[in-house]
Each structure stands twice: as C-alpha cells, then as structure tokens.
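Worksheet: the structure to be examined is printed underneath.
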Amino acid sequence: MTTRADVLDALGTVYDPELDEPITSLRFVTACEVSAAGDVDVRLRLPTPQCAPNFAYLMAADARTAVRRLPEVGEVTVVLEDHYTGDEINAAVGRGDAFAEAFPGETTGDVGALRGLFQRKALLARQARLLPSVRDPASARLGDLSGPAAVRCRDLRWALGIDASDDAPAFVRGDGSPVRADEVARFARMATLTAVSLEANGGICRSLLRARYGIPDPEEVAA
C-alpha cells in the first residue's frame, strides 16, 4: 500500500523549474494525506500569490504525475493554495489538461519549451559546482564525476536528450556539445554566474516564504 513516506519521496523528485531544487526541500508542500483506500491529497504553497502561473502549473502537474506513478495509489488530488490563478491551475491539473487549457485564449506556446530552457540553465549551474573538482574538464568523462550534483547533471541530461552515459564528455553546453579545452575558462565563468543567479533567486524565495507564512528558512539542498 502507498504510504505518506512514499508520496513525499515521489514529491522529492519534483523540482521548481526556476530554482532547480525539490519542492519538498523548498517547503512548498504544506500537507500530504493518504487515505486507507490509497487516495492521496497533496497541498502546495508558493512564496507569493503572484508566482508565475506557468511555473506554478508545472510544479502542480509534475507533483500529480510523480505521485500517480506510485504502485497501488488511488485517486490523486493536488491543490495549489493561495495563488491568484489557483482555481484555473487546480482545475486543469485535476483534468490532466495542458497549461494552455487552463487559460483558453490567454496563452500561446508550450510550457515544455520553457521547461527545457530552465533545465539547460540548471545543468550549467550544476556543472559549475563540479568544475573545481576536475583537473582537466575537457577530457573528463561523466562517469568520473560523483556526488549529488553529478547525479542531478545526469538526470538533466537524460531529460534534455543529451548523452548521459559514463563515457560521455563530463561538461557540455546546453545543446549537448562538449566543452573544448580552449573554452573551459569562459564556460566556467558562465556556469558560475548562472549558479549564483539560481542561488540568489532561491534565497529570495525562501525569504518570501518565511515572511508570508512565518516559518524558518528551508534548508538548502546539498550541492
């Protein structure tokens, strides 16, 4: 039978697309209940009521998808609370609709492209954390890397369709092309700036969440 711990583990695989941190570590999950029949009810909150609807939708939809993958799970309900487009997003997620169907006639394009853009930024930022531990980044292989940042890099590469095998180049651009020896210094600067930007945004979100709900700062995900 699906347990609350199982659900929280599943929710831990859902990342804020802009911050590249799990929604559980960010304390976006306010409640998680599992009934005797295996039905699951999840409640989410975000740092402000005005968080971008496309990001809010992605997290709510991803949360529902992650929980529904669990074996023996029953009906899954994910509710985004205290958000100015919460009603529209909750209805769309509950039906399994796409983002555009939550706001008919008001949006264009696919949030999948937005997801890919931020996954590439996240990959660049994660690589920044790995660069100092590698003597020769241009010749290093993905299998040479270890630790949480390396695991996340591999996951992001799979999601983006970039070679994530052990023999693949350890450091790549967003399009999957390897970083050459003469490009390492410039790549390192770009990756570091991206990582600093994500960390700063994460700090702002934590501060807003603390101010809004009066809770302590969430612990930052170990890099």
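Going by the working numbering, 165 is the number at position 158 of the sequence shown; the sequence numbering is gapless.
Glycine included, C-beta positions come from ideal geometry on N, C-alpha and C.
Keep in mind that this is a model prediction, so the values were computed, not measured.
Straight-line CA distance for residue i to residue j?
{"i": "residue 230", "j": "residue 206", "result": "Below a pLDDT of 50, predicted positions are generally treated as unreliable, and residue 230, at 40, falls in that range; the measurement from the model is reported next regardless. C-alpha separation (whole angstroms): 11 angstroms."}
{"i": "residue 60", "j": "residue 182", "result": "27 angstroms"}
{"i": "residue 144", "j": "residue 167", "result": "21 angstroms"}
{"i": "residue 227", "j": "residue 32", "result": "For residue 227, the predicted model reports a pLDDT of 45, less than 50, meaning its position is unreliable; a value from the coordinates is still stated below. Rounded to whole angstroms, residue 227 to residue 32 spans 7 angstroms at the Cα level."}
{"i": "residue 91", "j": "residue 189", "result": "48 angstroms"}
{"i": "residue 199", "j": "residue 192", "result": "11 angstroms"}
{"i": "residue 140", "j": "residue 173", "result": "17 angstroms"}
{"i": "residue 68", "j": "residue 103", "result": "8 angstroms"}
{"i": "residue 158", "j": "residue 184", "result": "19 angstroms"}
{"i": "residue 9", "j": "residue 218", "result": "34 angstroms"}
{"i": "residue 186", "j": "residue 204", "result": "21 angstroms"}
{"i": "residue 52", "j": "residue 62", "result": "12 angstroms"}
{"i": "residue 177", "j": "residue 154", "result": "13 angstroms"}
{"i": "residue 216", "j": "residue 18", "result": "19 angstroms"}
{"i": "residue 70", "j": "residue 23", "result": "11 angstroms"}
{"i": "residue 152", "j": "residue 124", "result": "24 angstroms"}
Per DSSP, residue i forms a beta bridge with which residues?
{"i": "residue 215", "result": "Residue 215 is not bridged to any residue."}
{"i": "residue 86", "result": "50"}
{"i": "residue 148", "result": "176"}
{"i": "residue 185", "result": "179"}
{"i": "residue 29", "result": "22"}
The alpha helix (DSSP H) spanning residue i covers which residue range?
{"i": "residue 108", "result": "106-109"}
{"i": "residue 123", "result": "118-137"}
{"i": "residue 76", "result": "First-last for residue 76: undefined, no H or E at that position."}
{"i": "residue 99", "result": "93-102"}
{"i": "residue 141", "result": "Where residue 141 is concerned, there is no enclosing alpha helix (DSSP H), given that its DSSP letter is neither H nor E."}
{"i": "residue 170", "result": "Counting along the chain, residue 170 falls outside any alpha helix (DSSP H), and DSSP gives it neither H nor E."}
When you compare the CB positions of residue i and residue j, do they come within less than 8 angstroms of one another, or not?
{"i": "residue 96", "j": "residue 105", "result": "no"}
{"i": "residue 163", "j": "residue 135", "result": "no"}
{"i": "residue 138", "j": "residue 195", "result": "yes"}
{"i": "residue 50", "j": "residue 86", "result": "yes"}
{"i": "residue 36", "j": "residue 83", "result": "no"}
{"i": "residue 38", "j": "residue 81", "result": "no"}
{"i": "residue 133", "j": "residue 156", "result": "yes"}
{"i": "residue 41", "j": "residue 11", "result": "yes"}
Check each candidate in the options and name the one with the smallest Cα separation from residue i.
{"i": "residue 77", "options": "212, 35, 13, 132", "result": "13"}
{"i": "residue 126", "options": "44, 196, 35, 201", "result": "201"}
{"i": "residue 118", "options": "216, 184, 66, 10", "result": "66"}
{"i": "residue 170", "options": "72, 195, 148", "result": "148"}
{"i": "residue 25", "options": "122, 103, 146", "result": "122"}
{"i": "residue 197", "options": "52, 159, 179", "result": "179"}
{"i": "residue 55", "options": "88, 71, 39", "result": "88"}
{"i": "residue 231", "options": "98, 28, 75, 42", "result": "Missing from the structure shown is residue 231; the chain here goes from 8 to 230 and no further."}
{"i": "residue 58", "options": "211, 222, 221", "result": "211"}
With respect to the beta strand (DSSP E) encompassing residue i, which residues constitute its N-terminal and C-terminal limits?
{"i": "residue 37", "result": "36-41"}
Nearer than 7 angstroms: is that true of the beta carbon of residue i relative to any heavy atom of the ligand ZN?
{"i": "residue 122", "result": "No copy of the ligand ZN appears in this structure; indeed no ligand is present at all."}
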